[in-house]
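If you count by numbering that gives the first Met the number 0, then the sequence shown holds residues 0 to 765, one letter each, in order. Note that beta-carbon positions come from the ideal geometry of N, C-alpha and C, so glycine has one too. Shown next, in structure tokens, is the structure this report addresses.
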Amino acid sequence: MRRKFCFLACLFSLSSALFCAQVGNIIFNQIGTLKVPKDLIDYNIHLKSGEEFSQDKLNDDIKALYDTGYFSDVEAKTATTADGKINIDFTLTNVPRIKDILIKGNDKFTTEKIMEAVRLHNSEPLVQKQLQESIANIKTLYSDNGYYEANVFPSMINEPGGDVVVTFNIQENQRIKVDNVYFTGNTVFSSWTLKDEVQTSHSYLNWVLDWGLYDEAVAKQDEMRLRNLYWTKGYLDFKTTLEVKKVEDDPDYVNVTFNITEGEPYKVGKIKVIGNTVFSEEEIMTLMRITTGEVYNYQLEEASIEAIKTKFDKLGYCDIICKADIAPDFNTHIVDIIFQITEGQPYDIRNINISGNKITKDYVIRRELPIQPGDPVNNRLIDTGKSRLMAMNYFSKVETFTTSTPVPGEKDVNYEVEEKSTAKASIGGGFSTDGGVVGRLSLTESNFDITDPSTYFRGGGQRMALLAQIGNEMSNVSLDFSEPWLFGIPLRLDASGFWSLRVFPNWNEMHLGTQWGLTKQVGNFNSVGLSYILDFVEVTKFNSNYPQWFQDQYGGWSRKGAFTLTAERDTRDDLFNPSSGYYLSGKGLFNSVAFGSDSNYYGLEATGHGYWSFFEKFLILHVGTKIATTGGLSSNNDVPIYQKYFLGGQNSLRGFEFMSVSPMVAPSMPGGGLSMWTGTIEIEHPIYRMDAFTLKGYPFVDVGNAWTNAWEYGFNMNVGLGYGLKVTVPAITSVPLRFDLGIPVSRTDSSYATSPQFYFDVGADY
0 MRRKFCFLAC
10 LFSLSSALFC
20 AQVGNIIFNQ
30 IGTLKVPKDL
40 IDYNIHLKSG
50 EEFSQDKLND
60 DIKALYDTGY
70 FSDVEAKTAT
80 TADGKINIDF
90 TLTNVPRIKD
100 ILIKGNDKFT
110 TEKIMEAVRL
120 HNSEPLVQKQ
130 LQESIANIKT
140 LYSDNGYYEA
150 NVFPSMINEP
160 GGDVVVTFNI
170 QENQRIKVDN
180 VYFTGNTVFS
190 SWTLKDEVQT
200 SHSYLNWVLD
210 WGLYDEAVAK
220 QDEMRLRNLY
230 WTKGYLDFKT
240 TLEVKKVEDD
250 PDYVNVTFNI
260 TEGEPYKVGK
270 IKVIGNTVFS
280 EEEIMTLMRI
290 TTGEVYNYQL
300 EEASIEAIKT
310 KFDKLGYCDI
320 ICKADIAPDF
330 NTHIVDIIFQ
340 ITEGQPYDIR
350 NINISGNKIT
360 KDYVIRRELP
370 IQPGDPVNNR
380 LIDTGKSRLM
390 AMNYFSKVET
400 FTTSTPVPGE
410 KDVNYEVEEK
420 STAKASIGGG
430 FSTDGGVVGR
440 LSLTESNFDI
450 TDPSTYFRGG
460 GQRMALLAQI
470 GNEMSNVSLD
480 FSEPWLFGIP
490 LRLDASGFWS
500 LRVFPNWNEM
510 HLGTQWGLTK
520 QVGNFNSVGL
530 SYILDFVEVT
540 KFNSNYPQWF
550 QDQYGGWSRK
560 GAFTLTAERD
570 TRDDLFNPSS
580 GYYLSGKGLF
590 NSVAFGSDSN
600 YYGLEATGHG
610 YWSFFEKFLI
620 LHVGTKIATT
630 GGLSSNNDVP
640 IYQKYFLGGQ
650 NSLRGFEFMS
660 VSPMVAPSMP
670 GGGLSMWTGT
680 IEIEHPIYRM
690 DAFTLKGYPF
700 VDVGNAWTNA
710 WEYGFNMNVG
720 LGYGLKVTVP
730 AITSVPLRFD
740 LGIPVSRTDS
750 SYATSPQFYF
760 DVGADY
């Protein structure tokens, strides 16, 4: 003990002396072939000649030099000079230089692909940090593709002259796939519901696609997804443990089991608000989506927080923090909630800065933003602007952030975009019972600028598309142009030139013309439009069973020149797979010789579709209807055949042959109706889901008829019953594939086919 005390006393005296001394000369001696530039060394040390010496700073400098990774050993010696200064002599042992990098054991990925993950480079120092990062990156590459048991073992071979060869030895092991996902202990939710909630799942396509692979990180996230689901029902004591077992007879597969302990639901007790000064507690309590006495619901708690933030956001309190602290009582199963608010201060917008747009014009971006300088800094509106920019499909990424300014109470709002290619060329094809086989070529520029050749006609927010389709029953070519902001206001101009040839069951139609339209969005869900079409039509090759008078009246060339007024309201939550909302549409057409036509007639049409979900979107009810009429101004003979109504087929009246339902002009020869009505009811239910792939089924009932005269309607209806399948495969096409089987159970004409009708509509784009 005495020796230790003396040593500490001497060390203290020496440290005190050194502490008062100044730094003299600093010398760096590097050992090794690869010398590190002195500027880099100087940058990493804090002690400088002439400054006061500090042992702590010297220790920090030693650590800083070692942490650069360029030295395998750092040693510093101090010596006191005659004038009392402290000279420092650093001995730095350089890490070896990399002569070559080798990859061994890789079978699933090429060496070039793996080298993209390696942070090391030939002729550079072997930095341990970069070596470890390289190992981690390679393992991530494998795990992202299902090889979660892959290992990477580095080895170094010293070469003459101090160089080193680095080898990454890879053990790929097996690709782990999910065989089954099980749940135990669940009574509140069915296993089917829980499977829909988690992302870990089996895939029958895991042999060809990266689907159905086991990912430990995803499985951990699934535990949180399950917790949040149970918290919507008040089960705050919910717990789950993850169990992963390999399938005995197939080690490539694992069974994943979520062992669940549900507990009992909690009810909401007291609700308090603290930290609020701008609004009273009574005002904030009116925003609560969660109330005392109800079963606790995590989603309603989050909705309450969002409602509070939104109220403050409108006044510019962009830095507001609101969080909920819950205090559950295990004995009473009552949970008290305290909403803690940190308000911050209100800000107005000084400037809105746009960056990253090398092609897209500034005004194209700014016109989509719902905020202007001088407005309160509203985070919700800022995010709305971000969503609008992403919806334009011009950008792969949009980042938003606010920055302080020298002006008190003002902030700048910044939108940082990352552009992506907007030119798209695609080829594809399809096959449907109503349209036959068709091949498709499409060239599209969705960020077109017809006024600026200096940017190769890009960046103006316009759209130009060339579409060519050829098939055995349908061929067409069209050139389409769209300007969403005509005259600098949100008024969309659409212009199109087209040619088409359609082979119908009983005649052929060829169309050549142009169409122009204006559309104005009114609010979030409504739109009105006015369009004009000039269409030269030739009807040929009638079925020989048609009377000659019918062929003479409706065959040959005719000309359509018409204005159409359209009003729409669309609140559906999804265009292709809606589960809620409705769609309403009304159209009025007026065709006249004054507009370039060779006849005078009108057309009126109303359409409605509604969607309702039940049992947490397990069942989706779809009810749809359409009613229309058309007539000549002087005679019904003025109405051409392509304006008349023919029902039957996948998109109008399932259970009946395509275009077969209408008044007859000869036995089994439909002549078209001047009035029509259809109705449909579907109940959609899930069958199978795997990642983005979904399979759904739906029983349906279709009813409808077409009548001879304008404004003629009756109760004589055709009825078709059936069942359909809807397949969603985003990797192939964004539009669901449809398969329907319909049976006619009630016919208004004995000539209509009695056999079941099978319909399909499939396609793909590449």
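Counting only residues of its own chain and dropping the five nearest sequence neighbours on each side, N43 has a CB closer than 7 Å to the CB of A63, L64 and T67. Contact between the region 288–303 and the region 363–379 is not established, with fewer than three Cβ pairs separated by less than 8 Å.
The alpha carbon of H510 has as its nearest neighbour, out of V476, N542 and R379, the alpha carbon of V476. Only residues of its own chain outside the window of five on either side were considered, and among them I175, K176, V177, D178, K245 and V246 have a CB closer than 8 Å to the CB of Y252, listed in chain order. Taking the C-beta atoms as reference points, V117 is found no nearer than 8 Å to Y69. Buried is the label assigned to D221, since at least 16 other Cβ atoms lie within 10 Å of its Cβ. When the Cα atoms are used, D60 and G160 turn out to be separated by approximately 29 Å. The Cβ neighbour count for F188, taken over all protein chains shown within 10 Å, is at least 16; the residue is labelled buried.
The region 634–644 makes no contact with the region 607–616: fewer than 3 CB pairs, one atom from each, lie closer than 8 Å.
Taking C-alpha positions only, Y213 is separated from G145 by approximately 6 Å. The alpha-carbon of D143 is positioned some 11 Å away from that of W210.
C-alpha of I289 to C-alpha of G315: approximately 25 Å in a straight line. A distance below 7 Å between beta-carbons, with the five flanking residues on each side excluded, links V406 to the following residues of its chain, in chain order: R349.
Selection S754, L694, S750 and V728 evaluated against G721 yields S754 as nearest (Cα-Cα). In the DSSP assignment, K410 falls outside any alpha helix (DSSP H) and within the unbroken beta strand (DSSP E) covering E409 to E418.
For G384 against D347, the beta-carbon gap comes to about 16 Å, at or over 8 Å, which does not count as contact. In this structure, DSSP gives A306 a helical state, which the three-state scheme calls helix. If you draw a straight line from the Cα of Q552 to the Cα of G741, it comes to about 34 Å. Contact between G602 and F655 is ruled out by a C-beta separation of about 23 Å, above the 8 Å threshold.
Comparing alpha-carbon positions, the option among I426, Y362 and K643 lying closest to L673 turns out to be K643.
When DSSP states are grouped into helix, strand and coil, G384 belongs to the helix group. With a threshold of 16 other beta carbon atoms within 10 Å, L646 meets it and is buried.
In the three-state reduction of the DSSP assignment, D361 falls in the helix class.
Taking 8 Å as the cut-off, the beta carbon of N356 is found closer than this to the beta carbon of E418. Y393 and G516 have their alpha carbons spaced roughly 24 Å apart. In the same chain as G671, and ignoring 5 residues on each side of it, the C-beta atoms closer than 7 Å to its own belong to I640, K643, Y644, F645 and S661, in chain order. Rounded to the nearest angstrom, the gap between the Cα atoms of F535 and V734 is 31 Å. In the DSSP assignment, D347 falls within the unbroken beta strand (DSSP E) covering D347 to S354. Looking at the DSSP output, V664 bridges to nothing. For L620, the enclosing beta strand (DSSP E) stretches over residues L618 to G631. Just so you know, the alpha carbons of T240 and S386 end up roughly 37 Å apart. According to DSSP, residue pairing for H510 in a beta bridge involves S499 and V536.
The criterion of a C-beta distance shorter than 8 Å is satisfied by H621 and E681. F52 sits away from Q29, with the two beta carbons spaced by 8 Å or more. By the beta-carbon neighbour count (other beta carbons within 10 angstroms, threshold 16), Y712 is exposed. Within the model, the alpha-carbon separation for F657 versus S431 is close to 11 Å.
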